[in-house]
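Have a look at the structure below before the remarks.
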Ligand code: URA
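Here it is as structure tokens:
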């Protein structure tokens, strides 16, 4: 994957995203749409995964048939909203290894601090797909990717639902080697760090909190 930013402009993705943005969507509807959209985004993120072949027998004859090459990929969810994207991707790639990164913002330094970090072994040999629905300031995403690189990851992709231009720029500066795959890039961040027009707080909307 060579582009730093890929916007998945498939009509189904765009339609579902609009339904999710609508403030009248229920928690159940939001969650259902997020699951569907995550499958479509995952399709795009994995589009150029390497293949090899394996000898199999169809009912008709033997053949060398394509199968995924290399180690199982690693999905990394940035807690907690990442889990909403994770479910669908796990469904599509059931053998993927899965890790979690939890970060909070220190109120004094305003820097992301890690409170949870559990990732699969052998990250250096795996395609690592980081999932977090909202790329807002990009600070926590960039920090999570710092941690994954420290843990050995070299081949990382970042999958989100919505991005702000500020977050895309921050990621490009911090991790130019990490392609971003998103359904849309919105107008801007507001003064509270929310994406506008956006869809509000993705975690609250998917878990029905607040
Ligand atoms: N996180 C969210 O859930 N929503 C935003 O708009 C920005 C960050």
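In full-length UniProt numbering, the protein residues as written are 1 to 210.
Where a beta carbon is used, it is the ideal one built from N, C-alpha and C, also for glycine.
Practice problem: Could you check if residue 49 is buried or exposed, using at least 16 other CB atoms within 10 Å of its CB as the buried criterion? | Solution: Residue mapping note: residue 49 aligns to position 49 of the chain shown, counting from 1. Exposed, by the Cβ-count rule.
Quiz item: Sorry if obvious, but does the Cβ on residue 201 come closer than 7 Å to a heavy atom of the ligand URA?
Solution: Within the chain shown, numbered from 1, the residue matching residue 201 stands at position 201. Yes, the Cβ of residue 201 comes within 7 Å of a heavy atom of the ligand URA.
Self-check item: residue 173 versus 195, 139 and 153, residue with shortest Cα-Cα distance
Solution: As a working note, residue 173 is residue 173 in the chain shown. It is 139 whose Cα lies nearest to the Cα of residue 173.
Quiz item: Can you give the Cα-Cα distance for residue 210 and residue 175, rounded to whole angstroms?
Solution: Translated into positions along the chain shown, residue 210 becomes position 210. Translated into positions along the chain shown, residue 175 becomes position 175. Each residue's Cα considered, the two are about 33 Å apart.
Quiz item: Just how far apart, CA to CA, sit residue 185 and residue 63?
Solution: Along the chain shown, read from residue 1 onward, the residue named residue 185 stands at position 185. Along the chain shown, read from residue 1 onward, the residue named residue 63 stands at position 63. Residue 185 and residue 63: Cα-Cα distance of roughly 44 Å.
Quiz item: Under a Cβ-count criterion, where at least 16 other Cβ atoms within 10 Å of its own Cβ denotes burial, should residue 196 be classed as buried or exposed?
Solution: In the chain shown, residue 196 corresponds to position 196, counting from 1. By the 10 Å Cβ count, residue 196 comes out exposed.
Quiz item: Three-state secondary structure (DSSP) at residue 52?
Solution: Counted from its first residue, the chain shown places residue 52 at position 52. Residue 52 falls in the strand class under three-state DSSP.
Quiz item: How about residue 123 and residue 152: do their beta carbons lie closer than 8 Å?
Solution: The residue labelled residue 123 in the question sits at position 123 within the chain shown. The residue labelled residue 152 in the question sits at position 152 within the chain shown. Inclusion of residue 123 and residue 152 in the CB contact set at 8 Å is warranted, their separation being smaller than that value.
Quiz prompt | contact_flag[the region 100-116, the region 57-72] where n(CB pairs < 8 Å) is 3 or more | solution = The region 100-116, when compared against the region 57-72, does not touch it at the 8 Å Cβ threshold.
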